[in-house]
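A.B. asks: Please read through the structure below; I'll follow up with questions.
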Amino acid sequence: MDNGKEKLGIALVGLGKYSEELVSALQETKHCRLAGVVTGTEVKKEKWKNKYDLPDRNIYDYKNFDSIRENANIDIIYVVLPNSMHAEYVVRAAAAGKHVICEKPMAVTVDECDRMIDACKKAGVMLSIGYRLHFEPHHLEVMKLARQKVYGEIKTIEAAHSLSNPAGWRLEKDLAGGGPLMDVGIYCVQAARYVTGLEPIAVEAFEGSKKNKEKFKTIEESLTWRMEFSNGVVADCSSSYSKAENYLKVEAENGWFELSPAYSYRGIKGKTSDGKMDLPEVNQQANQMDDFALAIMNKRLTPVPGEMGRQDLKILQAIYHSMETGKRIEIENEQLALH
Ligand code: NAD
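Numbered by this note's numbering, the letters in the sequence shown go through residues 165 to 503 in order.
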């Protein structure tokens with residue numbers, strides 16, 4: 165399938181807003197290219213076919229999607245659908261013998277994540293999650309500062325990521341699996357994990373009061389939560405659909421470092437107690453997709469595998485459990501961190 169090719173072919177599934185971002189990144193990739201699309205909308209088929217010069221045989225809909233198996237131009241399927249649809253399309257992509265990138269959150273339950281991981285293992289294909297910040301210099305620097313204890317032991321972490329004015333499927337629990345926590349709060353969970361290099365042993369969460377009860381009927385409008393780690397570090401986090409927070413702050417024994425804005429596609433800025441971080445801006449999505457293509461070509465692991473997405477889901481479920489019961493929830497960690 166991917167033997168001897170200079171660039172692997174990617175098919176995007178679901179041509180919404182984020183796929184527009186990905187297709188522009190694909191103009192900058194060195195090891196992969198846009199090879200096909202999967203969409204249920206006729207107008208989009210025409211638009212993408214003409215704009216990106218795609219042959220008809222590489223354009224699929226959700227019904228004939230499984231026949232993508234016969235298409236040697238497509239090596240990787242990138243699932244960019246609403247969250248509750250990820251599991252079905254990852255399993256179908258694996259059954260078609262294609263490597264898979266799945267957008268975050270990986271799915272809406274841990275059970276779904278297990279099915280997705282199993283399906284990819286069985287089919288002998290690789291699975292990665294669209295965690296673009298693992299390929300972004302400021303986040304890599306934060307990981308390094310923390311791991312190398314440049315400012316001594318980490319004491320506390322504060323992380324917040326919010327989005328204002330969500331619409332469409334993001335407001336429906338059936339499709340989104342939850343509210344801002346699933347959508348943008350997940351970045352804070354990720355950051356706390358990669359700053360500490362540990363898994364949380366317990367979480368405690370509180371739902372914020374709803375200003376718009378009608379709009380946020382089935383999901384939380386906002387929440388705050390604390391993650392506790394085995395070394396005593398705590399991460400205090402916040403996520404909302406009616407604010408504009410976007411930062412990561414780390415206090416260590418002998419100094420501090422922070423990113424603000426922290427989680428955006430562009431314009432991430434960092435500071436430490438010694439001054440500004442002077443790091444280049446990169447195309448995160450291009451780096452992420454290129455790294456996955458190289459992982460496939462060189463038969464090595466991806467740094468952002470399905471197991472990482474599954475672990476996040478496990479933490480997100482514990483956070484919701486705490487928010488709903490008002491209890492501190494302990495998390496059993498049966499596996500080591502995969503960073
Ligand atoms: P979007 O609403 O813009 O696009 C979703 C696409 O799915 C649309 O093309 C829509 O037509 C299609 N779709 C198919 N069946 C649907 C259904 N039953 N209901 C609604 N839409 C349906 O959403 P988006 O912002 O592109 O998000 C898609 C995925 O990408 C989500 O999982 C989201 O979390 C993820 N995402 C990731 C990032 C990131 O930075 N990694 C950023 C944005 C979105």
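The beta carbon of each residue, even a glycine, is placed where N, CA and C say it ideally should be. Small disclaimer: the values here were computed from a predicted structure and weren't measured.
So is Val-177 buried or exposed if we call it buried at 16+ other beta carbons inside 10 Å?
C.D. replies: The residue in question, Val-177, is buried, as its Cβ has 16 or more Cβ neighbours within 10 Å.
A.B. asks: Which same chain residues, not among the five before or five after Gly-431, have their C-beta less than 8 Å away from its C-beta?
C.D. replies: Sequence-distant partners of Gly-431 (beyond 5 residues in either direction) whose C-beta falls short of 8 Å from its own C-beta, in its chain, are Pro-425, Glu-445.
A.B. asks: Could you please give the first and the last residue of the uninterrupted beta strand (DSSP E) stretch that includes Ser-394?
C.D. replies: Taken as a continuous stretch (DSSP letters only), Ser-394 belongs to no beta strand (DSSP E), as it is neither H nor E.
A.B. asks: Please state the DSSP three-state secondary structure of Ser-402.
C.D. replies: strand
A.B. asks: Is it buried or exposed, Gly-490, if we count other Cβ atoms within 10 angstroms and call 16 or more buried?
C.D. replies: So Gly-490 counts as exposed.
A.B. asks: Tell me the DSSP secondary structure of Pro-364 in three-state form.
C.D. replies: In this structure, Pro-364 counts as strand in the three-state DSSP scheme.
A.B. asks: Report back the beta-carbon spacing between Arg-283 and Tyr-411 to the nearest angstrom; my notes put them in contact at under 8 Å.
C.D. replies: Residue identity check: residue 283 is Ala in the sequence provided, not Arg. The Cβ separation is near 37 Å, so there is no contact.
A.B. asks: Mapping the DSSP letters down to three states, classify Ser-386 as helix, strand or coil.
C.D. replies: DSSP places Ser-386 within a strand segment (E or B) once states are collapsed to three.
A.B. asks: Nearest-angstrom Cα distance between Tyr-226 and Asp-220?
C.D. replies: 15 Å
A.B. asks: Pull up the distance between the alpha-carbon of Ala-457 and that of Ala-175, whole angstroms please.
C.D. replies: CA-to-CA, the gap between Ala-457 and Ala-175 works out to about 13 Å.
A.B. asks: Which word fits Asp-533, buried or exposed, when buried means at least 16 other C-beta atoms lie within 10 angstroms of its C-beta?
C.D. replies: Outside the displayed range of the chain (165 to 503) lies residue 533, so it cannot be described from this structure.
A.B. asks: Buried or exposed: which applies to Asn-462, given that a residue is buried once 16 or more other Cβ atoms fall within 10 Å of its Cβ?
C.D. replies: exposed
A.B. asks: For Ser-292, is the classification buried or exposed, using 16 other Cβ atoms within 10 angstroms of its Cβ as the cut-off for buried?
C.D. replies: buried
A.B. asks: Let me check understanding here. Comparing Cα to Cα, which of Val-468, Ile-318, Met-487 lies closest to His-298?
C.D. replies: Measuring from the Cα of His-298, the nearest candidate turns out to be Val-468.
A.B. asks: Exposed or buried, what is Gly-332 when buried is set at 16 or more other beta-carbons lying within 10 Å of its beta-carbon?
C.D. replies: exposed
A.B. asks: Measuring straight from C-alpha to C-alpha, what distance separates Arg-334 and Gln-475?
C.D. replies: Whole-angstrom Cα-Cα distance: 22 Å.
A.B. asks: For ligand 1, is there a heavy atom less than 8 Å away from the beta-carbon of Lys-319?
C.D. replies: Annotation for Lys-319 indicates a beta carbon at 8 Å or more from all heavy atoms of ligand 1.
A.B. asks: Verify whether the separation of the beta carbon atoms of Arg-390 and Glu-368 is less than 9 Å.
C.D. replies: yes
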